[in-house]
Structure formats: C-alpha cells, structure tokens
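Trainee: Residue numbers (my numbering): 1 to 386.
Each residue gets a CB set at the ideal place from its N, CA and C atoms; glycine is no exception.
From a predicted model like this one, the values you see are computed outputs, not experimental measurements.
Before I ask anything, here is the structure I am working with.
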C-alpha cells in the first residue's frame, strides 16, 4: 500500500552518464593544464644546478597558460563555515558565468600565509579532505591570478597544493600579469613584415623580407625563407636549400623549423619516400626544445604532431587530449594572426577530433550534434564545447 510519503530522488554521484558533447573540450576536467603540470614536474626533478633554468621554464609555461586562456578549478566557500558536501564537485564544476561574485576558499599555512588554491585536474582537487566536497568553480587562470594580487589579505596563490605544487607570490604574479615582451632582436621586424605580406599573397615581397631577416641571423626569417624555397613561393623552388635553412634555424633554437624538418621526413619527396621513424625523432626533438620555451605559436603545433605521429598508435586517449589542446591553442592563435598556415593546422586538429568522436561515440544519439560543433570550431570564438 502507498505510504503517503513523497518519493525523493537523490542526485547520483558515481553513475552519472558522461555525454560526448562535454568530453572533448580543453580544460581542467578533460585535458588538465598539461603545460603547467609538465613545467612543475620538471622543476621538482631538477638538481640544484638546473633549478633556476627550470624555474624560468615554469614562468614561461604560466605565460603560455594565460595565452591559451587556461582554466583551473578553484574551491568556493558558499557559507561562512565553509560546509562541505559528501560528493565531489570537481568533475562537474560551476561554470565561470555562474561563479561571478562567489567567495573563493582560501588556504591558510602554518606560517600564517593565506593563499588562493587552484587545481589543474579534478583528482588534484579531491586529493585532500580539506577540499574534497567543496564546491568548485572553473575559472580562467589569469582571473584567479588577478584576484590573488588584488586582495590585501592574501600572500598569493598556489597551484595543486596537495601534490607537486607551485607557489606564486605577489611579486611573481605581478611580473606574469604586467611584464612587457622583449624588444625585437635583429631581423624580427623584417620577419613580421614578411608575414603580413605573405598573408596578403604578396610572396615575392615577403620572400625578399624573409631573406633580409635571415641575413641578420633571425631564425624565424630563415624558417620562413625555407618555406618559400620548399614551395616555390616568391623564389625559385629549391628543396635542398630549404632543408639547409631549416637545419640552421633549428640549430639556433627555432622549434617550428625542427617541426618542418619532421614534416619533410614524413612527407618525403618524389625521389625519397617518407620515413615515419625519422619524422617522429624530429618531432620528439622539437618537443624537447619547446618544453622550456613554451609559446602559443609552438606548443599547440607540437601537441598536434605528437598526437598524429606517436600517441594515436600507442594511447588513443592521450592522442585526443593532445588534439584538444592543439585545436584550442591554434584557434586562439588564428583569431590573432593567421598567415594561412595556422588555419591549416587548426583544420587538421579538428579533423582528428572528429575522427576520434566517430570512433568512440559511434551510435550515440548526439553524435551528429557533436560533429557539427566540432566542424563549427573554425568559425566560432571558443573551443569550450559545453
């Protein structure tokens, strides 16, 4: 017989079905913050002699994270007592637009310091009873840095305090948020002007500027001139000269020149077949070069190459995470400056995500909706699929 009591439906915690539409986005819930996590890991692995170099690598990784508008998980204090629930919010955080005005939870250290805590992955947020069960908001890293700097009662902020952490005091935050870029090195102005002309299809003028830049020893000028020689745009086609210029630029530290060498090995020529092994070794060398010089112009390209050349055959989940980061960064870069090459790279990343979605979510009810969203990434303002 009916008891007369109203049936109560409790919120499921562990068995919530994950929808494909939310599974491929760049952010802490899916990809984490790979660049920052890698830089922190390298800092902890450094010996005393290399610690200063690794520290500056962390600074560059944080700058890159702001370039690509990285988001982090930040605990929220909804009540003065900071009461916690019995389930984790970290995998289903409050979106930024709904988190405005909420008070952020602060971490007090034994020395009396107070800091904002931010986490790069859900498992990092749930690693301690202090934050397990606290409501979490997904906020831009730069916004959290700014709030930590503005509040007089805080010493700074800390990333992933329960594991291998990075503490950012106000001096470092101020430097990251307000530092200006370095002045142009010899040849960089010519390379920049050449990029603009190349974007307009004025290749002869662009190649002339790239040659002038290369003559001043600018690695980007060498790489750009090599691209003209390889394709015959603006100059006579000369693939041997192109390879020589790429090698010289790579030796001078140009990451994308090293990527171009890998691309040449991968594609081969009419006389020489492609060599995937040599291509992979070239991409790995480019990744090692880029790990300490992270930048939005290089790291997304590295992610894309490693996804296609290595991870796709060994770890499909890692491959799609790399593709998501590549697509996100390339999309932002394409909005700022696109000479045609960035758009092609972005299309390859989106195609990779589409291929993965078709394989993993075959038969899902909203597969077509997901694929439409993926295809629209070339024209929309964000890669946050939700």
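(1) Taking the straight line between their C-alpha atoms, what separation do you get for residue 170 and residue 293?
(2) Where does residue 30 fall in DSSP's three states?
(3) What are the residues that DSSP puts in a beta bridge with residue 71?
(4) Helix, strand or coil for residue 341 per DSSP?
(5) Rounded to whole angstroms, what's the CA-CA distance from residue 234 to residue 228? Just pull it up for me.
(6) Can you tell which of 262, 151, 340 has the C-alpha that lies nearest to the C-alpha of residue 197?
(7) Measuring only the C-alpha atoms, how far is residue 372 from residue 29?
(8) According to DSSP, is residue 169 part of a helix, a strand, or is it coil?
(9) If you drop the 5 nearest sequence neighbours on each side, which residues of the same chain put their C-beta closer than 6 angstroms to that of residue 31?
(10) Let me know the secondary structure DSSP gives residue 119 once reduced to three states.
(11) Within the same chain, show all residues whose beta-carbon is closer than 7 angstroms to that of residue 185, passing over the 5 residues directly before and after it, in chain order.
(12) Going straight from the alpha carbon of residue 343 to that of residue 135, what length do you get?
(13) Please classify residue 216: does DSSP put it in a helix, a strand, or coil?
(14) Ends of the beta strand (DSSP E) at residue 323?
(15) Give the secondary structure of residue 114 by DSSP, where H, G and I count as helix, E and B as strand, and everything else as coil.
(16) Is it the case that the Cβ atoms of residue 222 and residue 257 are separated by a distance below 8 angstroms?
(17) Give me the residue from 69, 49, 129 with the minimum Cα distance to residue 88.
(18) Between which two residues does the beta strand (DSSP E) holding residue 157 run?
(19) Taking contact to mean 3 or more Cβ pairs, one atom from each stretch, closer than 8 angstroms, check whether the region 143 to 161 and the region 188 to 204 are in contact.
(20) Are the beta-carbon atoms belonging to residue 59 and residue 176 less than 8 angstroms from one another?
(21) What three-state label does DSSP hand residue 382 in the structure shown?
(22) Are the region 30 to 45 and the region 101 to 108 touching, with three or more C-beta to C-beta distances below 8 angstroms?
(23) What separation, rounded to the nearest whole angstrom, lies between the Cα atoms of residue 27 and residue 55?
(24) Leaving out five residues on either side along the sequence, give the residues of the same chain with a beta carbon under 6 angstroms from the beta carbon of residue 242.
(25) Which one or two residues does DSSP pair with residue 106 in a beta bridge?
(26) Can you name, in chain order, every residue of its own chain whose Cβ lies under 8 angstroms from the Cβ of residue 7, other than the five neighbours on each side?
(27) Would DSSP call residue 261 helix, strand or coil?
(28) Would you report the Cα separation of residue 237 and residue 263, rounded to the nearest angstrom?
(29) Going by DSSP in three states, residue 36 sits in which element: helix, strand or coil?
Mentor: The structure says:
(1) Spanning the two alpha carbons is a distance of roughly 23 angstroms.
(2) DSSP, read as helix, strand or coil, puts residue 30 in coil.
(3) In the DSSP output, where bridge partners are listed per residue, residue 71 has 140.
(4) For residue 341, the three-state secondary structure derived from DSSP is helix.
(5) For residue 234 and residue 228, the gap between their C-alpha atoms comes out near 6 angstroms.
(6) Checking every option, the nearest Cα to that of residue 197 belongs to 340.
(7) Taking C-alpha positions only, residue 372 is separated from residue 29 by approximately 22 angstroms.
(8) Residue state, collapsed to three classes: strand.
(9) Cβ neighbours of residue 31 within its own chain (closer than 6 angstroms, five residues either side excluded): 321, 324, 325.
(10) The answer is strand: DSSP assigns residue 119 an E or B state.
(11) Only 218 meet the Cβ criterion.
(12) Each residue's alpha carbon lies about 38 angstroms from the other.
(13) Coil at residue 216, not helix or strand.
(14) Boundaries around residue 323 are those of the alpha helix (DSSP H), 316 to 336, since no beta strand (DSSP E) includes it.
(15) Collapsing the DSSP output to three states places residue 114 in a strand.
(16) At a Cβ-Cβ threshold of 8 angstroms, residue 222 and residue 257 count as neighbours.
(17) In terms of CA proximity to residue 88, 129 leads the group 69, 49, 129.
(18) In this chain, the beta strand (DSSP E) harbouring residue 157 covers 156 to 159.
(19) Counting Cβ pairs under 8 angstroms, fewer than three are found: no touch.
(20) In contact: residue 59 and residue 176 (Cβ atoms closer than 8 angstroms).
(21) Annotation note: pLDDT 43 at residue 382 (below 50); position unreliable, no value reported.
(22) Using a C-beta cut-off of 8 angstroms, the region 30 to 45 makes no contact with the region 101 to 108, since fewer than three inter-stretch Cβ pairs fall below that distance.
(23) The straight-line gap from Cα to Cα measures roughly 24 angstroms.
(24) Close CB contacts of residue 242 within its chain, under the 6 angstroms cut and outside five residues either way in sequence, are with 226, 229, 230 (chain order).
(25) Under DSSP, residue 106 takes part in a beta bridge, and its partners are 116.
(26) Residue placement at residue 7 is poorly supported in this model, since its pLDDT is 40, which falls under 50; the coordinates still yield a value, given next. The beta carbon of residue 7 is closer than 8 angstroms to none in its chain, skipping five residues each way along the sequence.
(27) Three-state DSSP puts residue 261 in a helix.
(28) Within the model, the alpha-carbon separation for residue 237 versus residue 263 is close to 17 angstroms.
(29) Three-state DSSP puts residue 36 in a helix.
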